[in-house]
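Each residue of the sequence shown is one higher than the one before, starting from 4 at the first, in this note's numbering. Here a beta-carbon is modelled for each residue, glycine too, at the ideal position from N, C-alpha and C. As structure tokens, the structure follows; a few thoughts come after it.
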Amino acid sequence: MEGKAECEEALDRLFEYIDNELPDDELLRIGDHLRTCPPCEAEHKINEKIKRMVHSTGGEVAPEDLRSRVLATIREARHAD
Ligand SMILES: [Zn+2]
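This is the structure:
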């Protein structure tokens, strides 16, 4: 698949992307990729949620713990469909 390297790059930079820590051209490139790549967009949404949750707990909960909670929530939501 041609998109593989792009996916790796996008996933690699998700946190920087969410934090707006990338140069404009990379923000645009990764933003474009997320819009056209549902698996990466899903990962982006998960990471955004984790970031918001970490922020709301004042950083007291480990991101890995939040990640598994967010993933469980998403799995439940999919089941409900
Ligand atoms: Zn992708």
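Asp28 and Pro42 have their C-alpha atoms roughly 22 Å apart. Between Glu9 and His36, the CB-CB gap stays under 8 Å.
Counting along the chain, Glu11 sits inside the alpha helix (DSSP H) bounded by residues Lys7 to Asp15. Per DSSP, Glu46 is one residue of the alpha helix (DSSP H) stretching across Pro41 to Ser59. Between Leu30 and Tyr20, the gap from beta carbon to beta carbon is short of 8 Å. Distances from the CB of Glu9 to the heavy atoms of ligand 1 include at least one below 7 Å.
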